[in-house]
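Trainee: The structure that follows is given in the form of structure tokens.
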Amino acid sequence: MTTPQLTKNQSLVFDVLEKAEGPLSAYTILDKLRDHGFRAPLQVYRALEKLLEYGVVHRLESINSFVACAHPGDDCHSHGIVAFAICESCGQVMEFHDHEVDHRLMGWVRGQKFKPEKTTIEIRGLCEACAA
70 MTTPQLTKNQ SLVFDVLEKA EGPLSAYTIL DKLRDHGFRA PLQVYRALEK
120 LLEYGVVHRL ESINSFVACA HPGDDCHSHG IVAFAICESC GQVMEFHDHE
170 VDHRLMGWVR GQKFKPEKTT IEIRGLCEAC AA
């Protein structure tokens, strides 16, 4: 998937997420962009909506935050299932894809004649460094 030309606001939001060391809430993004003329959460949410649609950012549902895609050129949305390991101590987020898990879940979906629109797996726990 080729990412369309981003608007100024989309580029600013994406840049903040790419430079972040962890997931950010929309309000944290807004705070970081106030000096760039952002005044309302709606500006951030509109940009995030398009960035999600383009597949260059992900929403982490369990912590209501956003991260830049670890491999946006790979079109991870075509994989069907995007997975994340989220450290509850340091906040590190690792994005991954597992073909075996994907295959098993898609087998269940076909067997149930279920029509998924989006599948995201979030595993919360401790990363190797925090668990040591």
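Residue numbers for the sequence shown follow my numbering, so the first one is 70 and each next one is one higher.
All C-beta atoms in this analysis are idealised placements derived from N, C-alpha and C, irrespective of residue type, glycine included.
Taking contact to mean 3 or more Cβ pairs, one atom from each stretch, closer than 8 Å, check whether the stretch 107–117 and the stretch 156–176 are in contact.
Mentor: no
Trainee: Using the Cβ count rule (16 or more neighbours within 10 Å means buried), how would you classify lysine 88?
Mentor: Position 19 of the sequence shown, counted from the start, is the residue given in the question as residue 88. With fewer than 16 other Cβ atoms within 10 Å, it is exposed.
Trainee: Cβ atoms of isoleucine 190 and alanine 152: under 8 Å apart, would you say?
Mentor: Against the sequence shown, residue 152 aligns to sequence position 83. Against the sequence shown, residue 190 aligns to sequence position 121. Yes, Cβ-Cβ distance for alanine 152 and isoleucine 190 is below 8 Å.
Trainee: Output needed for valine 178: all residues of its chain with C-beta closer than 7 Å, excluding positions within five of it in sequence on either side, in chain order.
Mentor: Sequence index remark: in the sequence shown, residue 178 carries index 109 (1-based). Only Pro185 meet the Cβ criterion.
Trainee: So, under 8 Å CB-CB, isoleucine 150 and threonine 188 are touching, yes? Tell me the CB distance rounded to an integer number of Å.
Mentor: For the purposes of this step, residue 150 is taken as the residue at position 81 of the sequence shown. For the purposes of this step, residue 188 is taken as the residue at position 119 of the sequence shown. About 5 Å; that satisfies the 8 Å criterion.
Trainee: Which residues does DSSP list as the beta-bridge partners of phenylalanine 107?
Mentor: Residue mapping note: residue 107 aligns to position 38 of the sequence shown, counting from 1. According to DSSP, phenylalanine 107 bridges with nothing at all.
Trainee: Identify the continuous beta strand (DSSP E) that holds glycine 194 and give its terminal residues.
Mentor: Reading the sequence shown from its first residue, position 125 is the one you call residue 194. Element bounds for glycine 194: 188–194.
Trainee: Any idea which residues DSSP pairs glutamate 164 with across the strands?
Mentor: Within the sequence shown, residue 164 is the residue found at index 95, counting from 1. According to DSSP, glutamate 164 bridges with Phe153.
Trainee: In the DSSP assignment, find the unbroken alpha helix (DSSP H) run with leucine 75 in it and report its ends.
Mentor: Here the question's residue 75 lines up with position 6 in the sequence shown. Segment: none, leucine 75 is in no alpha helix (DSSP H) and carries neither H nor E.
Trainee: Quick one: what's leucine 99 bridged to in DSSP?
Mentor: Along the sequence shown, one-based indexing puts residue 99 at 30. DSSP, once it has assigned bridges, lists no residue as partnering leucine 99.
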